[in-house]
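Novice: I have a structure here, written as structure tokens, and I will follow up with some questions on it.
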Amino acid sequence: MAFRMTGRVLGAVARERNDVQPALRKVWKAYEPVDGLVIRSISPYQLNLVRNFVTTIPKKLKTRFIEYGPEVMMCVGIVYGTYTSHKKGFAQLHKDHRD
Numbered sequence: 026m027a028f029r030m031t032g033r034v035l036g037a038v039a040r041e042r043n044d045v046q047p048a049l050r051k052v053w054k055a056y057e058p059v060d061g062l063v064i065r066s067i068s069p070y071q072l073n074l075v076r077n078f079v080t081t082i083p084k085k086l087k088t089r090f091i092e093y094g095p096e097v098m099m100c101v102g103i104v105y106g107t108y109t110s111h112k113k114g115f116a117q118l119h120k121d122h123r124d
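So for the sequence shown, our numbering puts the first residue at 26; every next one is plus one.
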């Protein structure tokens, strides 16, 4: 309610987005009716979401690996050790029952 008059006072400046390049804005604002053509691409208005994800993912992966890496490696070691010991035990049991 407080910003209701902002668009009227500032005019086109308040309504125009500044986070999209002018060339991309021109391409995406142009409308040409085409029958049967499907274009799969990201709108320039959504690029900030993707860019933020791409720039922060290495830091998040590093942090998560440092935080949870020892626990995961320990669990993998336990599972691998259990698997190999049972595999050897099963092979030995299989040999013991031969006639």
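We treat Cβ as the ideally placed atom computed from N, Cα and C, and that holds for glycine. Remember, predicted model here, so these are calculated numbers, not experimental data.
At the level of alpha carbons, what is the spacing between Asn73 and Ser66?
Specialist: Working through the sequence shown from its first residue, we reach residue 73 at position 48. Working through the sequence shown from its first residue, we reach residue 66 at position 41. One C-alpha to the other measures close to 14 Å.
Novice: Alpha carbon to alpha carbon, how far is His111 from Pro83? Give it in angstroms, no decimals.
Specialist: Taking the first residue of the sequence shown as 1, we reach residue 83 at position 58. Taking the first residue of the sequence shown as 1, we reach residue 111 at position 86. C-alpha separation (whole angstroms): 38 Å.
Novice: Can you give me the C-alpha to C-alpha distance between Val79 and Arg123, rounded to a whole angstrom?
Specialist: Numbered from 1 along the sequence shown, position 54 holds the residue referred to as residue 79. Numbered from 1 along the sequence shown, position 98 holds the residue referred to as residue 123. Roughly 59 Å separates the two Cα atoms.
Novice: DSSP state of Arg76, grouped into three classes?
Specialist: Your numbering for residue 76 matches position 51 in the sequence shown. In the structure shown, Arg76 sits in a helix (DSSP, three-state: H, G or I).
Novice: In this structure, does DSSP put Gln46 in helix, strand or coil?
Specialist: Taking the first residue of the sequence shown as position 1, residue 46 is located at position 21. Of the three classes helix, strand and coil, the one that applies to Gln46 here is coil, per DSSP.
Novice: Let me know the secondary structure DSSP gives Ser68 once reduced to three states.
Specialist: Indexing the sequence shown from 1 puts residue 68 at position 43. The answer is coil: DSSP assigns Ser68 none of H, G, I, E or B.
Novice: Cα separation between Phe90 and Asp121?
Specialist: Mapped onto the sequence shown, residue 90 falls at position 65. Mapped onto the sequence shown, residue 121 falls at position 96. When rounded, the distance between both Cα atoms is 44 Å.
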